[in-house]
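Everything on this sheet refers to the single structure shown next.
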Amino acid sequence: MLDTETCAMAFRILRMNGYNVSSDDLSHITEASSDLNGTRSLLELYKASQVSISEDELVLDSIGTWSGRLLEKQLSSRALQRIPLLREVEHALNSPFYTTLDRLEHKWNIEQPDAMEHHILHLPRQTNQDLLALGVMDFTTSQTIYQQELELLDS
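Numbering that gives the first Met the number 0 applies: residue 0 is where the sequence shown begins, and numbers increase by one.
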């Protein structure tokens, strides 16, 4: 069995890409689980709870409620020592998945590269800089296209 963080992340990514993954696969994870080994696991569970595809997914509702509460508790108690992780938790709690736009989320990730440090493979520093440069270029190109479209609408 995979660890909680990996299960939650896999569930979220599969759901976001159109795969019909049952939320029952996360039903074994409860607030009292001993395998909740930190903020990162709670954060991934919270994010996974937001990709429900129907209103009757009680498992996801439950996970979202208690994981969000525990994350807020960690924020208020200043239990989070690492600033990038603190920012990532605040961002997740303040900007639920269904309220974000892909491009703006990409921009946030570009502006906060340290927050996503754990998600980037340990590649040579130059490769990470190349990925960051590619992301910046993609965002800039999209922004230019959007500005041109707005000019067309105004004329």
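Even for Gly, the Cβ is constructed at its ideal location relative to N, Cα and C.
Task: Cα-Cα separation, S75 to S21 - done: 33 Å
Task: Whole-angstrom distance between W65 and M115, CA atom to CA atom - done: In this predicted model, M115 has a pLDDT of only 49, less than 50, meaning its place in the structure is not dependable; the value taken from the coordinates is given anyway. The alpha-carbon atoms of M115 and W65 are separated by roughly 24 Å.
Task: Under 7 Å between C-beta atoms of R11 and A47 - done: yes
Open item on the list: I'd like the ranges of any alpha helix (DSSP H) spanning at least 4 consecutive residues and lying wholly in the stretch 8 to 66.
Closed with: 38 to 48
Task: Proximity below 7 Å, CB of E4 to CB of E43 - done: yes
Open item on the list: Can you find the residues in the same chain that come closer than 7 Å, C-beta to C-beta, to I28, ignoring five residues on each side of it along the sequence?
Closed with: T3, L44, I62
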